[in-house]
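Down below is the structure, laid out as structure tokens.
In our numbering, the protein residues as written are 456 to 541.
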């Protein structure tokens, strides 16, 4: 796993902790889907060399509930369940 979400429960933004900082810039893609599989948000960003944290804001308009976060970085992919709360 190359990223960890600081908390699996969020309100208006997600904070990612980078497990293994890269020695060079790399592209990170993230997709947030609701429990029916509909894409509710997507982010694509270039991570800087040795970057430790990454923020995804603007999620306050999403309804409360359970979401699946799909993250990919090159060939590495991961999925995790998240909960949006009040």
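Virtual Cβ for every residue (Gly too), placed ideally from N, Cα, C.
> Smallest Cα separation from residue 502: which of 528, 524 and 521?
Replying inline: Position 47 of the chain shown, counting from 1, holds the residue named residue 502. Measuring C-alpha to C-alpha distances from residue 502 to each of 528, 524 and 521 identifies 528 as the nearest.
>> Closest to residue 499 by C-alpha separation, out of 517, 465, 487 and 464, would be which residue?
In response: Counting from 1 along the chain shown, the entry for residue 499 is found at position 44. Of the candidates 517, 465, 487 and 464, 487 places its Cα closest to the Cα of residue 499.
>> Taking the alpha-carbon of residue 457 as reference, which of 540, 467 and 533 has the nearest alpha-carbon?
In response: Looking up residue 457 in the chain shown gives position 2. The residue with the shortest Cα to Cα distance from residue 457 is 533.
> Using CA coordinates, which residue listed in 524, 540, 537 and 519 is at the minimum distance from residue 484?
Replying inline: Here residue 484 refers to the residue found at position 29 when the chain shown is read from its first residue. Considering only 524, 540, 537 and 519, the residue with the shortest C-alpha distance to residue 484 is 524.
> Taking C-beta to C-beta, are residue 489 and residue 520 nearer than 8 Å?
Replying inline: The sequence position of residue 489 within the chain shown is 34, counting from 1. The sequence position of residue 520 within the chain shown is 65, counting from 1. In this structure, residue 520 lies closer than 8 Å to residue 489 by Cβ.
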